[in-house]
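Peer 1: Residue numbers (our numbering): 532 to 763.
Just so you know, even glycine gets a beta-carbon here, dropped at the ideal spot from N, CA and C.
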Amino acid sequence: MSTPHNSAEKGDFAKTVLMPGDPLRAKYIAENFLENSRLVNEVRGMYGYTGEYKGKTVSVMASGMGMPSMGIYSYELFKFYDVDNIIRIGTAGAISEKLGLRDVVLGIASCTRSSYYEQFGMPCQPAASASYELLRKADDSASALGKKVYVGTLLCTDTFYDESDTLVLWRKMGVLATEMESAALYYNAARLGKSALCICTISDCPLTGESCSALERQTTFDDMVKIALGTI
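1. Nearest to Ile603 by alpha carbon, out of Leu632, Met550, Met755, Glu694?
2. Going by the CB atoms, is the gap between Gly683 and Leu637 shorter than 9 Å?
3. Restricting to Cα atoms, I'd like to know which of Gly579, Asp689, Leu632 is closest to Ser742.
4. Cys687 and Glu649 look like a contact to me (Cβ under 8 Å); what is the Cβ gap, rounded to whole Å?
5. Are there 16 or more other CB atoms within 10 angstroms of the CB of Lys609, so buried, or fewer, so exposed?
6. Can you give me the C-alpha to C-alpha distance between Gly744 and Ser594, rounded to a whole angstrom?
7. Compute the distance between the beta-carbons of Asn563 and Tyr612, then report whether it is under 9 Å.
8. Would you be able to state if there are at least three C-beta pairs under 8 Å between the segment 724-743 and the segment 622-629?
9. Hey, out of Ile763, Ile617, Glu710, whose CA is closest to Leu723's CA?
10. Quick check: Asp615 and Gly579, are their CB atoms within less than 9 Å of each other?
11. Glu712 by DSSP, collapsed to three states: which one?
12. Using only alpha-carbon positions, find the residue among Thr547, Ile560, Ser627 that is nearest to Thr739.
13. Give every residue of the same chain whose Cβ lies closer than 8 Å to the Cβ of Arg569, excluding the five residues on either side of it in the sequence, and list them in chain order.
14. Starting from Ser568, trace the alpha helix (DSSP H) both ways and give me its first and last residue.
15. To which residues of the same chain is Ser672 closer than 7 Å at the C-beta, ignoring the five residues directly before and after it?
16. Just mark Pro554 as buried or exposed, buried being the case when its beta carbon has 16 or more other beta carbons within 10 Å.
17. I think Leu685 touches Ser646, with their Cβ atoms under 8 Å apart; what is that distance to the nearest whole Å?
18. Any idea if Asn567 is buried or exposed, counting beta-carbon neighbours within 10 angstroms, 16 or more meaning buried?
19. Could one say the Cβ of Lys541 lies closer than 9 Å to chain D's Cβ atoms, at least one of them?
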């Protein structure tokens with residue numbers, strides 16, 4: 532079976548899928564972390580692979596950028612391919628002063644101004660929250676690897692270039708970092724009775740102007756990948 536965005540057959544994806552935004556990061560992970568990996572999807576260049584990590588089957592597939600793209604791919608994986616867990620492994624911009632480049636954040640919840648949730652017909656905006664089980668496993672995985680992580684709330688936005696200049700206000704509310712996919716993933720998981728977690732590496736600090744290069748974003752954020760794989 533296939534969907535308009537995925538040529539894989541049912542059973543091609545593992546129960547747990549790691550989802551970077553960048554298709555080239557998906558390819559990098561498959562080539563450098565998985566054994567016996569095979570390409571199961573390349574529609575629209577959104578590479579999806581399934582392989583093995585320490586004897587366990589796992590998949591990795593790109594989500595693209597933004598909530599609409601994450602909304603499509605995560606929904607199809609959950610609904611049509613019987614995936615149980617999706618772990619987003621992506622980049623984020625630091626809001627908290629505690630964070631620096633390459634720090635890793637586990638998103639316990641996601642704030643958003645997006646109207647994505649309105650499709651569910653709720654009387655008010657539901658909380659977009661991670662799976663506690665995945666969060667606990669990721670925290671344990673980081674500890675086992677000797678890696679420090681920060682656990683807290685993310686800000687999920689529809690805009691990368693935002694002229695409203697409100698990051699300082701979100702900092703006052705204790706939000707750690709900003710990215711563009713977590714809320715859609717968390718809402719889809721909640722609606723479909725599945726589990727989701729967002730693990731992010733800080734790639735830039737909008738309030739200070741620091742940033743990593745595009746190549747660094749593709750190939751050097753291995754800590755969050757290892758943490759995610761440790762949850763399998």
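Peer 2: Let's see:
1. If we check each option's Cα against that of Ile603, Met550 comes out closest.
2. yes
3. Leu632
4. Actually they are not in contact, since the Cβ atoms of Cys687 and Glu649 sit about 15 Å apart, beyond 8 Å.
5. For the sequence presented, residue 609 should be read as Phe rather than Lys. Buried: at least 16 other Cβ atoms inside 10 Å.
6. Sequence inspection shows Ser at residue 744; the Gly mentioned does not correspond to that position. Going from the Cα of Ser744 to the Cα of Ser594 covers about 20 Å.
7. no
8. yes
9. Ile617
10. no
11. coil
12. Ser627
13. Excluding sequence positions up to five before and after Arg569, its CB lies within less than 8 Å of the CB of Tyr580, Thr581, Gly582, all in the same chain and listed in chain order.
14. Taken as a continuous stretch (DSSP letters only), Ser568 belongs to no alpha helix (DSSP H), being part of the beta strand (DSSP E) at 566-572.
15. Ile758, Gly761, Thr762
16. buried
17. Incorrect: roughly 18 Å between the Cβ atoms, too far for contact.
18. With fewer than 16 other Cβ atoms within 10 Å, it is exposed.
19. Of the chains in the structure shown, none is chain D; there is only one protein chain.
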